[in-house]
Amino acid sequence: MKPEIFKDLNLNHIGIIIPKNKTNFIESKTSKRFIQDNIQGVSVCFVWDETLDTYKEFITREGRAKNYPLGFNHLCFDIKNIKEMKELHKKIIKNRLGLRLTLPEPSPTKQCNIVTFYKLYGLGIFEFNILE
Numbered sequence: 043m044k045p046e047i048f049k050d051l052n053l054n055h056i057g058i059i060i061p062k063n064k065t066n067f068i069e070s071k072t073s074k075r076f077i078q079d080n081i082q083g084v085s086v087c088f089v090w091d092e093t094l095d096t097y098k099e100f101i102t103r104e105g106r107a108k109n110y111p112l113g114f115n116h117l118c119f120d121i122k123n124i125k126e127m128k129e130l131h132k133k134i135i136k137n138r139l140g141l142r143l144t145l146p147e148p149s150p151t152k153q154c155n156i157v158t159f160y161k162l163y164g165l166g167i168f169e170f171n172i173l174e
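Residue numbering for the sequence shown follows my numbering, beginning at 43 and increasing consecutively.
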């Protein structure tokens with residue numbers, strides 16, 4: 043069961059931190075290419091996972107992610123528009139559910155549009171992909 047905050051949101055992807063030296067290996071195994079995210083200072087690659095029925099986002103451990111442990115990092119959920127994101131933000135802050143890590147910023151990928159990251163207490167890091 044999803045926590046109340048996620049009940050109407052669809053999972054976009056799972057973020058996974060990898061060593062920078064594994065990009066060639068992942069590209070050779072998946073036929074997908076890493077692209078540079080200049081805002082975050084990382085390279086990312088999205089790969090569809092049939093078993094999980096979602097995308098895995100491989101993120102190089104550098105830039106903003108340089109101190110993150112390898113492996114699972116975050117879940118990303120789609121949210122309809124900036125208005126709904128503002129309402130969710132108010133709910134998170136008012137109920138002391140967590141804190142915002144980044145302001146909304148454009149993603150260089152085709153998988154995401156405008157994204158913002160939150161740390162939700164007791165749950166971890168979450169990314170919200172603002173569709174409109």
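The C-beta atom is built at its ideal place from N, Cα and C for all residues, glycine as well.
Here the structure is a predicted model, which means the values were calculated and not measured.
According to DSSP, residue pairing for F100 in a beta bridge involves I58, C87. For G164, the three-state secondary structure derived from DSSP is coil. The three-state reading of DSSP puts T158 in strand, counting E and B together. According to DSSP, E169 shares a beta bridge with C118, F159. Judged by DSSP in its simplified three-state form, I47 adopts helix. Annotation for I77: the continuous beta strand (DSSP E) segment containing it runs 77-79.
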